[in-house]
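With the first letter of the sequence shown counted as 1, position 483 gets the number 482 in our numbering; the numbers rise by one all the way through.
Below: the structure, in structure tokens.
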Amino acid sequence: MSRLKLITKYFVRNALDEMFVGSKMKPGFIIALMIIIVCMLSLPFTLMISESYETFHSMGQEGMLIAIILSLGTAVSFFFGVYTIMNVFYFADDIEVILPLPFKSSEIIFGKFIAVLINMYIYTGMLILPLAAYGVVSKAYFLYYLYGMIVLVITPILPMILAALICMVLMRFTSLSKHKDAFKMFTGCASLILIIAFNYLNSNSGSSMTSEQILEKFSQGNNTMEMLTGVFITNKFSAYGLLYNNNLSGLINIVIALIISIIFFIAYYYIGGKLYLKGVIGLSESFSKRENILETGEAKKLITINSPLKALIKKDIKTIFRTPQFFINCVAMIFYMPIVMGMGFLSNGNLEKYTELLKVNTEWYGIVIVITFIGGASCIMAGGAGATALSREGKDFIVAKYIPVDYKTQLYSKILSSLCINEIGTLVVSLGLILIKASPILFALGIVSAFGSILLITLFGIYIDFRAPKLAWENEKAMFKKNYMPLFVMLIIFILGAILVVATLIIKNFIMIFGICLSIVAIGCYILFRLLFKLAYKVYTQD
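Below is the structure:
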């Protein structure tokens, strides 16, 4: 037991140090920032619960709201868990140090699981406000909030256990450990795809049912909860425990959920202990492919003379696409936010409604232009390529100071390579405009608005990165872990979006709204360009 306590304490302290130690921000400020961002993310669900409760309660289906909240928590825990577990269990720097020590493999996976679980509780924190909102609108008693705290602790455990066992089986019986980079890229992208698929299925759940089936479900009381709580069994008992919090059955369901979680964790401890050691051995080996560049003709490409600007742009783009962490954060994340938001707005027949509105009334054009402007910025609100333009160089940045290339050329290469990646968001926005069958003029104005907002956010990200580059990182994951700039960008986008929506409702002229958006871009880009030239000179020419 002392060994188990020791190694768990080590992994937990490591996890907390990664969050707070080494950052220029104070821990209290980081925690406050996390709370703000979690509240912002959970706000739409909180409003949905508040607005929908009376409707669902009148049909005897209020339990479905709890089921939706818990399904969201388990989905996020599972899909982010797969990627986090692979990094912490198999690709962490401490593996080679821990394995020779006198710890059982089951003790190692116990400690690592607790450390990962702490990270997951940050994500499941977004369930607090929706659950509290349900308690307020349903006029629940004290026991509901007590059960709610227990449910928040239980919710991520089962999906994390399932994610861990899947990863262990894959690493034990396949050669994925020899293809680390490819597997990291695959799991990261697969997690995003699965989250999007879950959102799609969740938003369309019940849409395939006939009206007779829906009425039959409604007539049975809270039985529709089972449509959303069937994947993870603890969700079912947790949901019923919260729903029937004022009688004995609620307590029984909460206790059952706790017992199931404990049983699954014990099973994970023993099964995982058997699988982990054989899966982690040989991680230092990697797959390689020998190639004769003289025979394939690759040597000629390597010695071809290029312009410095073109060469630097190609180097940056290749680095992004070849490094899993850069690819996931700079490229894959561009698609995540617009697709998730798009599904919320365009599913369940809403697409046809918006198309008809745009056909009969041009007053909505202003709203669409604002949405494209904010939508373009939202594509790269997680940072995009610009937010790490200089930091991606790491310790190799010293080379950039001494190569015979002008600082302006190097700055242009960072801007253009970042735009080549970030402007993929414009294509995503254009697809949305095609789906709503926007008129040619609306399509053109929307594309220009999206392009401009992405340009502005890209320059802002580059400016922030040049002011405080993070060059002393040991691995790419560490660089992104302590990068809090996206939180500020997200806050700015939400505030700017609210101001533009209010302006649209007051002005009601889409040409003027388009002009306002362009003015914001023009003024912002002019200021940022001036600041960047001065900053780039200091960065590239001064020691």
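In this text, a Cβ means the ideal position worked out from N, Cα and C, and glycines have one as well.
Nearest-angstrom Cβ-Cβ length linking residue i and residue j, presumed shorter than 8 angstroms
i      : j      : result
Tyr364 : Leu441 : 5 angstroms
Tyr52  : Leu71  : Contact flag wrong, Cβ pair sits at about 17 angstroms.
Leu157 : Phe231 : 5 angstroms
Ile379 : Ile456 : 6 angstroms
Ser543 : Ile153 : No statement about residue 543 is possible, as the shown extent of the chain runs from 0 to 542 and does not include it.
Ile453 : Thr425 : 6 angstroms
Phe513 : Leu444 : 5 angstroms
Met167 : Tyr275 : 6 angstroms
Ile319 : Ala384 : 6 angstroms
Ala163 : Tyr267 : 7 angstroms
Ser544 : Gly271 : In this structure the chain extends from 0 to 542, so residue 544 is not present and cannot be described.
Phe141 : Lys111 : So it is not a contact: roughly 36 angstroms between Cβ atoms.
Ile458 : Phe372 : Reading off the sequence shown, one finds Leu at residue 458, where the question assumed Ile. Rounded, the Cβ-Cβ distance is 15 angstroms, inconsistent with contact.
Met125 : Pro155 : Wrong, their Cβ atoms sit about 12 angstroms apart, outside the cutoff.
Ser416 : Ile316 : 5 angstroms
Gly496 : Ala386 : Not confirmed; about 19 angstroms, so no contact.
Met489 : Ile36  : 7 angstroms
Ile258 : Gly240 : Contact flag wrong, Cβ pair sits at about 12 angstroms.
Ile265 : Ile107 : No, Ile265 and Ile107 are not in contact; Cβ-Cβ is about 16 angstroms, not under 8 angstroms.
Pro129 : Thr45  : 5 angstroms
Leu556 : Tyr462 : Here the chain comprises residues numbered 0 to 542, so residue 556 is not present and cannot be evaluated.
Endpoints, alpha helix (DSSP H) assigned at residue i
i      : result
Glu95  : Ile94 to Ile97
Ala437 : First-last for Ala437: undefined, no H or E at that position.
Glu473 : Where Glu473 is concerned, there is no enclosing alpha helix (DSSP H), given that its DSSP letter is neither H nor E.
Val90  : Per the sequence presented here, residue 90 reads as Phe, with Val not at that position. Phe90 -> no alpha helix (DSSP H), and no H or E assigned at all.
Met380 : Run containing Met380: none; DSSP gives neither H nor E here.
Val152 : Phe141 to Ile153
Val115 : Ser104 to Thr123
Pro129 : Ile127 to Val136
Ala256 : Leu247 to Val279
Val398 : Phe396 to Tyr401
Tyr243 : Careful: Tyr243 lies outside any alpha helix (DSSP H) and carries neither H nor E.
Pro101 : Counting along the chain, Pro101 falls outside any alpha helix (DSSP H), and DSSP gives it neither H nor E.
Gly514 : Phe509 to Thr540
Arg171 : Ile156 to Phe172
Residue burial classification, residue i (beta-carbon count within 10 angstroms, cutoff 16)
i      : result
Ile213 : Since pLDDT at Ile213 reaches only 42, below the 50 mark, its modelled position is unreliable, and the value read off the structure follows with that caveat. Its Cβ having fewer than 16 others within 10 Å, Ile213 is exposed.
Ile546 : With the chain covering 0 to 542 only, the question about residue 546 has no answer from this structure.
Asn234 : buried
Met511 : exposed
Lys413 : buried
Glu422 : buried
Asp464 : buried
Arg391 : buried
Ile370 : buried
Pro337 : buried
Val538 : buried
Val427 : buried
Leu434 : exposed
Lys469 : buried
Ser260 : buried
Asn245 : exposed
Leu145 : exposed
Tyr551 : In this structure the chain extends from 0 to 542, so residue 551 is not present and cannot be described.
Thr73  : buried
Pro323 : buried
Ser306 : exposed
Gln60  : buried
Secondary structure of residue i, DSSP reduced to three states
i      : result
Thr322 : coil
Leu15  : helix
Gln60  : coil
Thr408 : helix
Leu46  : helix
Ser237 : helix
Arg2   : helix
Phe465 : helix
Glu362 : helix
Phe231 : coil
Leu499 : helix
Ala310 : helix
Gly205 : Legend: pLDDT at Gly205 = 45, less than 50; position of this residue unreliable, value from coordinates given subsequently. Gly205: coil per DSSP, three-state reduction.
Ala66  : helix
Leu555 : Because the chain spans 0 through 542 in this model, residue 555 falls outside it and cannot be assessed.
Ser210 : Below a pLDDT of 50, predicted positions are generally treated as unreliable, and Ser210, at 42, falls in that range; no measurement from the model is reported.
Glu351 : helix
Asn328 : helix
Interface flag, residue i vs chain C, CB-CB below 8 angstroms
i      : result
Thr457 : The question asks about chain C, but that chain is absent: this structure has only one protein chain.
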